[in-house]
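Residue numbering for the sequence shown follows the numbering used here, beginning at 26 and increasing consecutively.
Report on the following structure.
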Amino acid sequence: MSFDDFRDNRAIAERLRRSLEGGRLAHAYLFVGPRGSGKMAMATTLAQALNCSEAHHDACGRCKSCQDIEKGAHPDVHMVRPESKSRFILVSAIRELENALVLKPAVGRMKVAIVVDAERMNPAAQNAFLKTLEEPPARTLILLLTTEPQSLLPTILSRCLRVSFGAVRGGRTPEQQQVASWLAEFTSMRPRGVVHIYRLHAALTKLLGDMRKKIEENTEEVDPHGELTPEARGKLEEERIAQIEGEYRGQRELVLEELYTWFADVLLCVIGADTTLLAHPEHLADLQRAAVGLTYEQATAHLDAVEGIRDALTRNLTEAFALEVGLLKLIQ
Numbered sequence: 026m027s028f029d030d031f032r033d034n035r036a037i038a039e040r041l042r043r044s045l046e047g048g049r050l051a052h053a054y055l056f057v058g059p060r061g062s063g064k065m066a067m068a069t070t071l072a073q074a075l076n077c078s079e080a081h082h083d084a085c086g087r088c089k090s091c092q093d094i095e096k097g098a099h100p101d102v103h104m105v106r107p108e109s110k111s112r113f114i115l116v117s118a119i120r121e122l123e124n125a126l127v128l129k130p131a132v133g134r135m136k137v138a139i140v141v142d143a144e145r146m147n148p149a150a151q152n153a154f155l156k157t158l159e160e161p162p163a164r165t166l167i168l169l170l171t172t173e174p175q176s177l178l179p180t181i182l183s184r185c186l187r188v189s190f191g192a193v194r195g196g197r198t199p200e201q202q203q204v205a206s207w208l209a210e211f212t213s214m215r216p217r218g219v220v221h222i223y224r225l226h227a228a229l230t231k232l233l234g235d236m237r238k239k240i241e242e243n244t245e246e247v248d249p250h251g252e253l254t255p256e257a258r259g260k261l262e263e264e265r266i267a268q269i270e271g272e273y274r275g276q277r278e279l280v281l282e283e284l285y286t287w288f289a290d291v292l293l294c295v296i297g298a299d300t301t302l303l304a305h306p307e308h309l310a311d312l313q314r315a316a317v318g319l320t321y322e323q324a325t326a327h328l329d330a331v332e333g334i335r336d337a338l339t340r341n342l343t344e345a346f347a348l349e350v351g352l353l354k355l356i357q
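Below is the structure:
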């Protein structure tokens, strides 16, 4: 199955393809969504696209590599699932996976690790897996698939780029709905100037700041009565900070995803695609106005700009600067 075959998760497929084409894939992704939302299909297609011998930055589905991956028989694509008896992923399975990942690819270009139902990793397995996420082997992509991201360690969440499946139509957070409203106003402006960019930048920065503050306020304070030793308190405080950061990055990714799916919808309008493919059908008129006068190249450049924000954040640039640089590329 190629990226073009994804109808329900078209924006995600396009985003991953463009990251692959631009050499901007993260080393680890967290695919989050309910069962049946397409996480496994997307993971399989991405593994195929990385190792396909015929298609360029996509999966042909016909070559030996693609077929072996589909059958679960490719030596460079490793899948871990909960054991049937315990329904947990044990540390022994993670150790076995880590031993396989340190080797060079046997026949393909990239090794891919797919952990299905990642929330079923027991605590020992999660702690063991952290080292691989912190120091990923060369030419390796890690994909964690989960329905319950809250069951994973905050330190695992903070080291993966989150991709949300299955909660697009009618399932947006209030923050995503607010961003869509801002974008409806912003993208309909002609001409679009620096003043408009900085208004959007200020709104997004405040929204993200409020999100972080809310997470901090809702995270339990460490040792409020001063009963712990300084060493124990310091360790718990580190864990608290990691928890806040992991949860915040997950929520920030939802905001960035909203930016991406909006401009993906504008691109669909530019090329005259079926409107049933839109992630924001309730904003059809706004999207069509935004598409007026845009070329295909300009519309795809807007997607690249949003992807550039994500890329900048993975390189630890300051959030405000990454947003500013990315948003300024939308002046067209």
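Cβ coordinates follow ideal geometry from the N, Cα and C atoms, glycine included.
Keep in mind it's a predicted model, so treat the numbers as computed, not measured.
From this set, H52, A153, R145, N34, which residue's C-alpha is nearest P162's C-alpha?
With distances taken between Cα atoms, P162 lies closest to H52.
Note down, one range per segment and in chain order, each beta strand (DSSP E) of at least 3 residues found wholly within the stretch 229-306.
Complete beta strand (DSSP E) runs here, min 3: none at all.
Anyone know if the C-beta pair for L253 and L55 falls short of 9 Å?
No.
Just the C-alpha distance for G351 and G333, rounded to the nearest angstrom, thanks.
Their Cα atoms are separated by approximately 6 Å.
How many Å lie between G271 and R49 at the Cα?
Approximately 21 Å between the Cα atoms of the pair.
Taking contact to mean 3 or more Cβ pairs, one atom from each stretch, closer than 8 Å, check whether the stretch 93-112 and the stretch 69-85 are in contact.
Result yes; three or more Cβ-Cβ pairs closer than 8 Å.
In the DSSP output, which residue or residues are listed as bridge partners for K23?
Coverage of the chain is limited to positions 26 through 357, which leaves residue 23 absent and any answer about it impossible.
Roughly how many angstroms lie between the CA atoms of L353 and R224, to the nearest whole one?
Note on geometry: alpha-carbon atoms of L353 and R224 lie some 11 Å from one another.
Name the DSSP beta bridge partners of V17, please?
The structure shown has nothing for residue 17, since the chain only spans 26 to 357.
Inter-residue Cα distance where the pair is A36 and A257
Within the model, the alpha-carbon separation for A36 versus A257 is close to 45 Å.
In terms of residues, what are the limits of the beta strand (DSSP E) holding V331?
Not the beta strand (DSSP E): V331 falls in the alpha helix (DSSP H), residues 321-339.
Are the stretch 308-321 and the stretch 225-244 touching, with three or more C-beta to C-beta distances below 8 Å?
Output reads no: the stretch 225-244 does not touch the stretch 308-321.
Tell me which residue opens and which closes the beta strand (DSSP E) that M67 is part of.
Taken as a continuous stretch (DSSP letters only), M67 belongs to no beta strand (DSSP E), being part of the alpha helix (DSSP H) at 64-76.
Unbroken alpha helix (DSSP H) run spanning V116, endpoints:
For V116, the enclosing alpha helix (DSSP H) starts and ends at 116-126.
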